[in-house]
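Report on the structure given below.
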Amino acid sequence: MFEQWMRSFFLFLAGQRLLNRLAKKVGLHLGARRFVAGESLSSVIQVAKQLNDQNLLVTMDHLGEFVKTNEEAEQMANHCVKTLHEINHNQVKGNLSLKLTSLGLDLDPEICQKHLTRILEVAEQNQIFVRIDMEDYTRLEKTFAIYQALRPRFSGFGLVIQAYLYRSEDDIKRLSTWKTNLRLVKGAYKESAKVAFPNKSDVDENYRKLIRLQLAQGNYAAIATHDPQIITYTKQVVKELNIPLDHYEFQMLYGIRPDLQQKLVAEGERVRVYVPYGEDWYGYFMRRLAERPANVAFVLRGVFHR
Ligand code: FDA
Numbered sequence: 075m076f077e078q079w080m081r082s083f084f085l086f087l088a089g090q091r092l093l094n095r096l097a098k099k100v101g102l103h104l105g106a107r108r109f110v111a112g113e114s115l116s117s118v119i120q121v122a123k124q125l126n127d128q129n130l131l132v133t134m135d136h137l138g139e140f141v142k143t144n145e146e147a148e149q150m151a152n153h154c155v156k157t158l159h160e161i162n163h164n165q166v167k168g169n170l171s172l173k174l175t176s177l178g179l180d181l182d183p184e185i186c187q188k189h190l191t192r193i194l195e196v197a198e199q200n201q202i203f204v205r206i207d208m209e210d211y212t213r214l215e216k217t218f219a220i221y222q223a224l225r226p227r228f229s230g231f232g233l234v235i236q237a238y239l240y241r242s243e244d245d246i247k248r249l250s251t252w253k254t255n256l257r258l259v260k261g262a263y264k265e266s267a268k269v270a271f272p273n274k275s276d277v278d279e280n281y282r283k284l285i286r287l288q289l290a291q292g293n294y295a296a297i298a299t300h301d302p303q304i305i306t307y308t309k310q311v312v313k314e315l316n317i318p319l320d321h322y323e324f325q326m327l328y329g330i331r332p333d334l335q336q337k338l339v340a341e342g343e344r345v346r347v348y349v350p351y352g353e354d355w356y357g358y359f360m361r362r363l364a365e366r367p368a369n370v371a372f373v374l375r376g377v378f379h380r
């Protein structure tokens, strides 16, 4: 009950534009540095290289939410292009994750698609994969529509499927037509019981089902979770279905369970760390707090023990 209240509270805070603006002004504080690699591109490249040195792959995400003008969306797209060039230039073993709202999805899906096209062209030239993060349910259809429109032209990009949604099993079957590379997650947004399982145990059960389905279909699966039980389950399915090592990977967020990341690497698994960076860290940070009250305790310790 308390956990549910905390989750709703932090997800509410995540959506507050005023606080987002304020956070941008004060810079990386309140313990956010544990989850956000830095504010500049050079700082994230440095972190990425350090992770690579530990045999971890990365996916870099330039944080940006609440884009209000086409100019802002274009700036975000420019930044993604710059990030791709820097990944290539610095020989980072990594790829790019992005959110379509940061490219103007809410303003005009056509403009968003135009920006994504430009990013995918540069990504293709540099042979870097691009992951489109999945946002809340209201953006799902628009995200699929853009994927469908661009998939015939580009193969080096993929989507995210959220296990809390009832429809995800059907979506995975449909997306198999294009052999879609999928990141599978539990889901991070507050959704209505009309579209998403309200009980965590049902989400976990569906997550297992979706992992098995994507792997059995022979399509690439990035299992993005910190849940040891799900990780163990994935390893069982991989063994049972004889899935080759280059058909799947584990993904975790920067700053969360680095011990588990290292353990998996030592076992020979492919592990990718999601490394967010940029001045627009507020919404991302609030969602991490919503996920886990223990993170709040950590943050409070950081605030008071300076
Ligand atoms: P869950 O929160 O259910 O916890 C299960 C167990 O995992 C815990 O009991 C604990 O053992 C361990 N654990 C979880 N969090 C921990 C922590 N902070 N510290 C220590 N242990 C912890 N969502 C989305 O909607 N769209 C997206 O595009 C993405 N993208 C994405 C990328 C990557 C790389 C990751 C890892 C996650 C996402 N997510 C996401 C977020 C995802 O939907 C989900 O909210 C979080 O991963 C939390 O769920 P878990 O599966 O980690 O476990």
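Just remember that our numbering sits 74 ahead of the position in the sequence shown, which is counted from 1. Backbone N, C-alpha and C fix where the C-beta goes; we use that ideal spot for every residue, glycine too. Computed from a prediction, not measured in an experiment: that's the story for all the values here.
Enclosing alpha helix (DSSP H) for residue i [first to last residue]
| i | result |
| --- | --- |
| Ala290 | Lys274 to Ala290 |
| Val193 | Note on identity: in this sequence residue 193 is Ile, with Val being the wrong assignment. Segment Pro183 to Gln199, the alpha helix (DSSP H) holding Ile193. |
| Gln236 | First-last for Gln236: Phe231 to Gln236, but that is the beta strand (DSSP E), not the alpha helix (DSSP H). |
| Val311 | Pro302 to Leu315 |
| Gln149 | Asn144 to His163 |
| Lys117 | First, the amino acid is wrong: residue 117 is Ser here, not Lys. Start and end: Leu115 to Asp127. |
| Ser242 | Ser242 to Leu249 |
| His335 | In the sequence on display, residue 335 carries Gln and not His. Element bounds for Gln335: Pro332 to Ala340. |
Pairwise C-alpha distance: residue j and residue i
| i | j | result |
| --- | --- | --- |
| Phe378 | Arg362 | Model confidence at Phe378 stands at a pLDDT of 42, short of 50, so the residue's coordinates are unreliable; what they give is reported in the following sentence. Computed Cα separation, rounded: 20 Å. |
| Glu355 | Phe109 | Reading the sequence as shown, one finds Trp at residue 355 and not Glu. For Trp355 and Phe109, the distance between alpha carbons rounds to 9 Å. |
| Leu338 | Arg344 | 8 Å |
| Arg286 | Asn144 | 40 Å |
| Ser250 | Ser82 | 34 Å |
| His300 | Thr133 | 16 Å |
| Gln90 | Leu224 | 32 Å |
| Glu203 | Glu209 | The sequence given here places Phe at residue 203; Glu does not occur at that position. Roughly 19 Å between the two C-alpha positions. |
| Arg380 | Leu174 | Unreliable positioning characterises Arg380 in this predicted model, as indicated by a pLDDT of 33, which lies under 50. The coordinate reading is nonetheless provided below. Their Cα atoms are separated by approximately 37 Å. |
| Arg257 | His321 | 12 Å |
| Ala364 | Gly329 | 15 Å |
| Leu374 | Met80 | Any answer about Leu374 is weak, because its pLDDT of 49 lies below 50 and its placement is not dependable; what the coordinates show is given next. Near 15 Å, if we compare the C-alpha coordinates of Met80 and Leu374. |
| Asp207 | Asn126 | 22 Å |
| Ala147 | Leu315 | 43 Å |
| Gln405 | Gly232 | Shown here, the chain extends from 75 to 380; a query on residue 405 therefore has no answer. |
| Leu194 | Asp333 | 33 Å |
| Ser275 | Asp245 | 21 Å |
| Lys313 | Tyr221 | 31 Å |
| Asp331 | Ile185 | The sequence shown places Arg at residue 331, rather than the Asp named in the question. Each residue's alpha carbon lies about 38 Å from the other. |
| Arg205 | Tyr351 | 16 Å |
| Gln310 | Lys142 | 45 Å |
| Gly230 | Ile317 | 21 Å |
| Gly376 | Gln120 | The predicted model places Gly376 with a pLDDT of 45, which falls under 50 and marks its position as unreliable, so this point remains unresolved. |
| Gln78 | Val118 | 33 Å |
| Ala340 | Ile304 | 18 Å |
| Leu278 | Ile235 | One point to set straight first is that residue 278 is Asp, not Leu, in the sequence displayed. Roughly 13 Å separates the two Cα atoms. |
| Met360 | Ala106 | 9 Å |
| Trp392 | Pro226 | Nothing about residue 392 can be read from this structure; the chain reaches only from 75 to 380. |
Continuous beta strand (DSSP E) stretch holding residue i: start and end
| i | result |
| --- | --- |
| Phe271 | No beta strand (DSSP E) contains Phe271, which DSSP labels as neither H nor E. |
| Tyr221 | Premise fails: Tyr221 lies in the alpha helix (DSSP H), Leu214 to Leu224, not in any beta strand (DSSP E). |
| Met360 | Not the beta strand (DSSP E): Met360 falls in the alpha helix (DSSP H), residues Tyr356 to Glu365. |
| Val132 | Leu131 to His136 |
| Arg227 | Premise fails: Arg227 is in no beta strand (DSSP E) and is neither H nor E. |
| Tyr322 | Tyr322 to Leu327 |
| Gly112 | Where Gly112 is concerned, there is no enclosing beta strand (DSSP E), given that its DSSP letter is neither H nor E. |
| Ala295 | Ala295 to Ala298 |
| Tyr351 | Val345 to Tyr351 |
| Asn169 | Gly168 to Leu172 |
Pair within 8 Å by beta-carbon distance, residue i and residue j
| i | j | result |
| --- | --- | --- |
| Leu85 | Lys268 | no |
| Gly168 | Leu131 | yes |
| His159 | His136 | no |
| Ala237 | Val259 | yes |
| Ala111 | Val166 | no |
| Arg346 | Ala296 | yes |
| Lys156 | Pro183 | no |
| Thr254 | Asn280 | no |
| Lys283 | Glu243 | yes |
| Phe271 | Tyr307 | no |
| Glu198 | Phe218 | no |
| Gln128 | Gln325 | no |
Residue i: CB within 7 Å of a non-hydrogen atom of the ligand FDA
| i | result |
| --- | --- |
| Met80 | no |
| Val234 | yes |
| Glu265 | no |
| Gly89 | no |
| Tyr307 | no |
| His136 | no |
| Lys156 | no |
| Gln310 | no |
| Asp333 | no |
| Tyr356 | no |
| Gln336 | no |
| Lys260 | yes |
| Arg108 | no |
| Met208 | yes |
| Tyr221 | no |
CB contact check: residue i to chain C, cutoff 8 Å
| i | result |
| --- | --- |
| Glu279 | Any reference to chain C falls outside this structure, which holds one protein chain only. |
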